[in-house]
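See below for the structure under consideration.
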Amino acid sequence: MKRRSLLLAALCAARPAVAADKVVFATNWRAQAAHGGFYQALADGTYAQYGLDVQIRPGGPQVNNRPLLPAGRIDFLMTGNLLHSFDNVKNGVPTVVVAAMFQKDPQALFAHPGQGIKGFDDLKKAPVAWIAKDAQFTWWAWLKSEHGFRDEQLRPYAYNLGPFLANKQSIQQGYAVEEPISIEKQGGFRPLTFLLADHGFSTYSTLIEARAETVARKPDLVQRFVDASIVGWVTYLYGDRHQGDALILRDNPEMSAETIARSVALMRDLGIVDSGDAQTLGIGAMRPERIRDFHDKMVKAGLYRPAEVDLDKVATTHFVNRGTGVALARQLKGR
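First residue of the sequence shown: 3, per the working numbering; consecutive thereafter.
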């Protein structure tokens with residue numbers, strides 16, 4: 003902990019002292035391990051060290067924080083993946099992605115072991131696929147165009163594991179850092195997990211969005227929030243995360259410490275946060291060519307028309323790709 007504090011102090015030392023800026027950051031769901039880096043930065047004082055007074059506003063089934071960003075009622079928003087950002091640009095919503103905290107989207111398909119599923123291509127042979135309605139009109143279209151999945155497989159997924167557990171030949175959608183834990187608890191077995199990101203679904207995930215006006219007029223504020231969030235994620239993954247976990251449990255009493263621990267292990271094992279470019283450019287890294295690659299796949303899948311989305315307005319790499327947190331991650335991993 004002392005070593006981490008010294009390194010964090012060094013990261014902040016070159017910055018002049020500033021009055022704390024109040025920031026409201028909203029997430030897209032209830033507090034969980036997948037939000038851990040943000041809670042860690044708040045709990046251990048990292049945001050404060052970067053001159054920020056941050057309030058985290060969780061989302062949930064009855065809470066839609068997305069409209070609050072363009073309305074100016076929040077300063078930053080955590081969104082799921084680039085499809086939301088493409089939609090914003092398409093619809094003229096003045097927001098921009100400033101960091102991508104997950105290099106891999108956690109979206110996955112799950113199958114029962116011992117049912118002849120050996121690889122990803124075998125999933126399209128499953129007679130039943132439990133897929134939620136919103137997914138049927140987004141990444142399922144990509145699965146059909148890219149991998150040959152069929153609408154005949156579809157059954158509506160209502161976020162209830164019962165139908166999947168009862169039908170051993172079926173497959174189901176879910177988050178790779180969450181559903182495997184629930185399936186094992188309820189079904190008594192570890193499911194086969196197939197991460198869409200490992201099979202061409204190249205979107206970034208857990209994006210930080212800001213208003214275009216904020217990016218233009220307050221770049222220092224944006225930079226400090228991005229940098230502090232990156233440090234928070236490094237500490238959460240590799241350091242002492244007990245303070246961040248405590249805040250998660252406070253904001254989401256239905257969460258358990260065991261589930262958090264297992265989710266963090268899955269994030270590390272699957273390379274959700276710290277893989278690829280993030281290992282050299284820092285967590286939050288983005289490349290314009292990868293954003294274009296994902297966009298082109300979605301055009302091929304029929305989700306967008308060519309040139310319908312101005313990719314220059316989707317994201318800016320000005321605040322990332324600076325190596326922030328890389329030395330700290332190596333230090334913590336080498337303890």
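C-beta atoms are modelled at their ideal positions from N, C-alpha and C, and glycine is treated no differently.
Just so you know, these numbers come straight off a predicted model, no measurement behind them.
The residues Val91, in chain order, have a CB closer than 7 Å to that of aspartate 312 in the same chain once the five nearest residues on each side in sequence are set aside.
Contact check between the segment 105 to 120 and the segment 169 to 180: three or more CB pairs, one atom from each, fall below 8 Å, which counts as touching.
It is roughly 13 Å from the alpha-carbon of glutamate 186 to the alpha-carbon of serine 265.
Sorting Val56, Gly94 and His86 by C-alpha distance to the C-alpha of isoleucine 76 places Val56 at the top. In this structure, DSSP gives phenylalanine 196 an extended state, which the three-state scheme calls strand. The residues Arg157, Pro158, Tyr159, Pro165, Phe166, Ser172, Ile173, Gln174 and Gln175, in chain order, have a CB closer than 8 Å to that of tryptophan 132 in the same chain once the five nearest residues on each side in sequence are set aside. Each of Pro115, Glu154 and Val99 was checked against the Cα of lysine 126, and the nearest Cα belongs to Glu154. Per DSSP, leucine 283 has no beta-bridge partner at all. Where glutamine 138 is concerned, the enclosing alpha helix (DSSP H) starts and stops at 135 to 138. With a 10 Å radius around the Cβ and a threshold of 16 neighbouring Cβ atoms, threonine 282 comes out exposed.
Counted as a single uninterrupted DSSP element, the beta strand (DSSP E) harbouring tyrosine 177 occupies residues 173 to 177. DSSP, reduced to helix, strand and coil, places isoleucine 232 within a helical segment of the structure shown. Aspartate 276 counts as buried, since at least 16 other C-beta atoms from the protein chains shown sit within 10 angstroms of its C-beta. The beta-bridge partner set that DSSP reports for aspartate 55 consists of Lys24. Relative to asparagine 93, the option among Val316, Gly234, Tyr52 and Val26 whose CA is nearest is Val316. With respect to the C-alpha of proline 129, the residue from Ala137, Ile119, Asp298 and Phe40 having the closest C-alpha is Ile119. Counting along the chain, threonine 261 sits inside the alpha helix (DSSP H) bounded by residues 259 to 272. A residue is called buried when at least 16 other Cβ atoms come within 10 angstroms of its Cβ; asparagine 67 meets this threshold and is buried. Annotation for arginine 75: no alpha helix (DSSP H) segment contains it, and DSSP assigns it neither H nor E. In this structure, arginine 243 lies away from proline 96, with their beta-carbon atoms at least 8 Å apart.
For valine 224, the closest alpha carbon among the candidates Ala45, Leu54 and Ala43 is that of Leu54. The residue from Gly62, Ala267 and Leu239 with its alpha-carbon nearest to that of glutamine 42 is Leu239.
Phenylalanine 27 counts as buried, since no fewer than 16 other beta carbons sit within 10 angstroms of its beta carbon. Excluding the 5 residues flanking it on each side, leucine 268 has same chain C-beta neighbours closer than 6 Å at Val179, in chain order.
If the five residues before and after glycine 284 are omitted, its C-beta is found closer than 8 Å to the C-beta atoms of Ile232, Val322, Asn323, Arg324, Gly325, Thr326, Gly327 and Val328, all from its own chain and listed in chain order.
Using a Cβ distance threshold of 8 Å, valine 65 and glutamate 211 do not count as a contacting pair.
For tryptophan 235, the closest C-alpha among the options Gly304, Leu330 and Gly74 is that of Leu330. For serine 258, the number of other beta carbons within 10 angstroms of its own is below 16, and it is reported as exposed. Using a 10 angstroms sphere on the CB of glycine 241, the tally of other CB atoms reaches 16 or more, which defines it as buried. DSSP places arginine 213 in no alpha helix (DSSP H) but in the uninterrupted beta strand (DSSP E) bounded by 207 to 213.
The beta carbon of proline 115 lies closer than 8 Å to those of Phe191, Arg192, Pro193 and Leu194 in the same chain, with the five residues before and after it left out. Cα atoms of tyrosine 49 and proline 72: separation of roughly 23 Å, rounded to the nearest angstrom.
Taking each of Leu85, Pro60 and Gly246 in turn and checking the Cα distance to glycine 304, the smallest one comes out for Leu85.
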